[in-house]
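Chemist: Quick one: structure below, then a few questions.
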Amino acid sequence: MMYKNFINTEDWSKSEIEDLIDVANQLKESPFHQNFKNKSFALLFLNPSMRTRTSFELGIQQLGGTAIVLQPGKDAWGIEFEEGIVMNGDAEEHIKEVAAVLSTYVDAIAIRAFPKFQNWDYDKQDNVIKSFVKYSNVPIINMETIVHPCQELALMMTMKKHLGKVENKKFLLTWTYHPKPLNTAVANSALSIASKFGMDVTLLCPNKDYLLDKKYLKIAEENCQQQGSTLTISHDIEESYNNADFVYAKSWGALPYYGNPEEEFKIRRQYAHFMVDEHKMSLTNQAKFSHCLPLRRNIKATDAVMDSDYCVAIEEAENRLHVQKAMMLNLFGEKI
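Here the working numbering is used: the first residue of the sequence shown is 588, the next is one more, and so on.
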């Protein structure tokens, strides 16, 4: 099945994602093709990026296309996304014009737009990328908003290589320490993809304040029911690591304190011991460890873990390039 947009993986079946990963593995072996000759892509970064920007630019280039990077508010005009607003603030143009004009120039638009970290009820609506979908006439690609579907694909590609059959393998998604409250996007996505593929998922976090949004917990629960696997929520570190087959670490903010980082930090600072270390990894079933990156060493995970043979974070980052190329080819109905 071909999709006009790539916003999340909720509308993609397990078999369709497996097909994307199969193509990504082929592209890893044979990276250069001309499917996108005479095609142009606009990459809009409302937030910083290193891996995402590099992998998308290179991926488009390796398929014969042209990538144009824009940073609204920096090297492009700031954009207003609210409807019916009097535009007397910082934004110089409205999404209606931005989307319409870019649609006449390029063949697809990719967006990276983090939440504002002020009001979760508002941010979880994902209005920036939804506005591009509404007002554009070309495919829209999510480069991370409140979910990170490209990271999902790279994670599953990596896990399938190292675990083979991933069904009913124990996947530990562990909260880890960071001095600031971060976006829940990667955690939401990791929970979704692991459960979609029938893994026995354990979500480890310090307390109920650090549970992910109920929407993503429900998605994971329903996926596990369909696949005959399990979803376990735990606040017990040793129990969670015990016999895990794959450990995935990510820090995120406590949603009840969303928009109030000073109060949230009073709680967060008590849980620095959630950092991934050799002792915790020794409790696993010789698990691989990964993280989406960037990662603060000796804050989120120790040097020993990051430099170990079981750390596959670099491989996962490389796989971003290959899965994104496979996904973009799919959007245009292209084969290699």
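Ideal Cβ positions, reconstructed from N, Cα and C, are used throughout, including at glycine.
Computed from a predicted structure; not experimentally measured.
Does M588 come out as helix, strand or coil in the three-state DSSP assignment?
Modeler: As a first step, residue 588 is located in the sequence shown; it is residue number 1 there, counting from the start. Only weak support exists for where M588 lies, its pLDDT of 47 falling under 50; the coordinates are left without a value.
Chemist: M588: buried (16+ other C-beta within 10 angstroms of its C-beta) or exposed?
Modeler: Residue 588 sits at position 1 when you count from the first residue of the sequence shown. Low local confidence applies: a pLDDT of 47 at M588 is under 50, so the model's placement there is unreliable, with the coordinate-based value given in what follows. Exposed is the call here.
Chemist: Going by C-alpha to C-alpha distance, which of F758, I698, G665 sits closest to N830?
Modeler: Along the sequence shown, read from residue 1 onward, the residue named residue 830 stands at position 243. If we check each option's Cα against that of N830, F758 comes out closest.
Chemist: Roughly how many whole angstroms lie between the Cα atoms of H749 and D609?
Modeler: Start at 1 with the first residue of the sequence shown, and residue 749 comes out as number 162. Start at 1 with the first residue of the sequence shown, and residue 609 comes out as number 22. Rounded to the nearest angstrom, the two C-alpha atoms are 15 angstroms apart.
Chemist: Relative to the alpha-carbon of K855, which residue among M744, K887, L657 has its alpha-carbon at the smallest distance?
Modeler: As a first step, residue 855 must be located in the sequence shown, where it is residue number 268. Checking the sequence, you will find Arg at residue 855 rather than Lys. Nearest of M744, K887, L657 to R855, Cα basis: K887.
Chemist: So which of L633, A629, L769, N755 has the shortest CA-CA distance to N847?
Modeler: Counting from 1 along the sequence shown, the entry for residue 847 is found at position 260. By alpha-carbon distance to N847, the top candidate from L633, A629, L769, N755 is L769.
Chemist: Quick check for students: name the residue ranges of the beta strand (DSSP E) that lie wholly in the region 697-775, counting only runs of 3 or more.
Modeler: 727-729, 757-762
Chemist: Say whether the region 647-667 touches the region 622-637, bearing in mind that this needs 3 or more beta-carbon pairs closer than 8 angstroms, one atom from each stretch.
Modeler: A contact exists between the region 647-667 and the region 622-637.
Chemist: Let me check understanding here. Comparing Cα to Cα, which of L818, P702, H822, D800 lies closest to N634?
Modeler: Position 47 of the sequence shown, counted from the first residue, corresponds to residue 634. Nearest option by C-alpha distance: P702.
Chemist: Determine the contact status of P766 and F861, defining contact as a CB-CB distance below 8 angstroms.
Modeler: Within the sequence shown, the letter at position 179 stands for residue 766. Within the sequence shown, the letter at position 274 stands for residue 861. Cβ atoms of P766 and F861: not closer than 8 angstroms.
Chemist: For H878, tell me which candidate among A836, Y897, Q911, T771 has the shortest Cα-Cα distance.
Modeler: The residue you call residue 878 lines up with position 291 of the sequence shown. The shortest C-alpha separation from H878 is found at A836.
Chemist: From what residue to what residue does the alpha helix (DSSP H) around V610 run?
Modeler: Counted from its first residue, the sequence shown places residue 610 at position 23. From DSSP, the alpha helix (DSSP H) with V610 extends over 601-616.
Chemist: What distance in whole Å lies between the Cβ atoms of L778 and V788, which are believed to be in contact at a cut-off of 8 angstroms?
Modeler: Counted from its first residue, the sequence shown places residue 788 at position 201. Counted from its first residue, the sequence shown places residue 778 at position 191. Confirmed, Cβ separation roughly 7 angstroms.
Chemist: Relative to the C-alpha of R884, which candidate in I820, K783, A900, K756 has its C-alpha closest?
Modeler: For this step, residue 884 is matched to residue 297 along the sequence shown. If we check each option's Cα against that of R884, A900 comes out closest.
Chemist: What residues are listed by DSSP as bridge partners for P659?
Modeler: Counted from its first residue, the sequence shown places residue 659 at position 72. The partner list for P659 (beta bridge, DSSP) reads A663.
Chemist: List the endpoints of the continuous beta strand (DSSP E) containing A629.
Modeler: In the sequence shown, counting from the first residue as 1, residue 629 sits at position 42. It spans 627-632 - the beta strand (DSSP E) in which A629 sits, taken as one unbroken run.
Chemist: Among S895, R907, S723, G840, which has the Cα closest to the Cα of H866?
Modeler: Taking the first residue of the sequence shown as position 1, residue 866 is located at position 279. Per the Cα distances, S895.
Chemist: Around the C-beta of K783, are 16 or more other C-beta atoms found within 10 angstroms, so that it is buried, or is it exposed?
Modeler: In the sequence shown, residue 783 corresponds to position 196, counting from 1. Buried is the call here.
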